[in-house]
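Residue 119 is where the sequence shown starts when you use my numbering, and the numbers rise one by one after that.
Note that CB positions come from ideal geometry on N, CA and C, so glycine has one too.
What follows is a single structure, written as structure tokens, with notes after it.
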Amino acid sequence: ENANVPCTPGYHGDEQSLEILIEESKKIGFPVMLKAVMGGGGKGMRMVEKESELEENILACQREAQASFGDSRILIEKFLRKPRHVELQVFADSFG
């Protein structure tokens, strides 16, 4: 985001109260994808189509994240139905 590269709209903030997560989801617009911050392998992921489904899915996602990864934090992203993307992973050691 800081490099002006187009990114999927989302919330990756430290504030994890239910109220903030609901507010941020509304700002992003539905559908949204809830993801465990420490997640992997599809664990702790939930797609939410509408606001009425949000609270129960946030709480379930947080429980699953805590049970699976020992960390209940989640992030929220706009769910894209037909995405096209390029994904890069950057690895470095003490030599760069």
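#1: Taking a contact to mean a Cβ-Cβ separation below 8 Å, would you say GLU142 touches LYS161 in this structure?
#2: Shortest alpha-carbon distance to THR126 belongs to which of VAL204, LYS196, GLN184, MET165?
#3: Would you report the Cα separation of LEU139 and GLU174, rounded to the nearest angstrom?
#4: Leaving out five residues before and five after LEU136 in sequence, what residues of the same chain have Cβ atoms less than 7 Å from its Cβ?
#5: Between which residues of its own chain and MET151 is the CB-CB distance below 6 Å, once the five residues before and five after are set aside?
#6: Quick one: what does DSSP say ALA121 is sitting in, helix, strand or coil?
#7: Which stretch, first to last residue, makes up the beta strand (DSSP E) that contains ARG181?
Taking the coordinates as given:
#1: no
#2: LYS196
#3: 12 Å
#4: GLU173, ILE176
#5: MET165, GLU195, PHE197
#6: coil
#7: That residue, ARG181, is in no beta strand (DSSP E); its alpha helix (DSSP H) goes 172 to 187.
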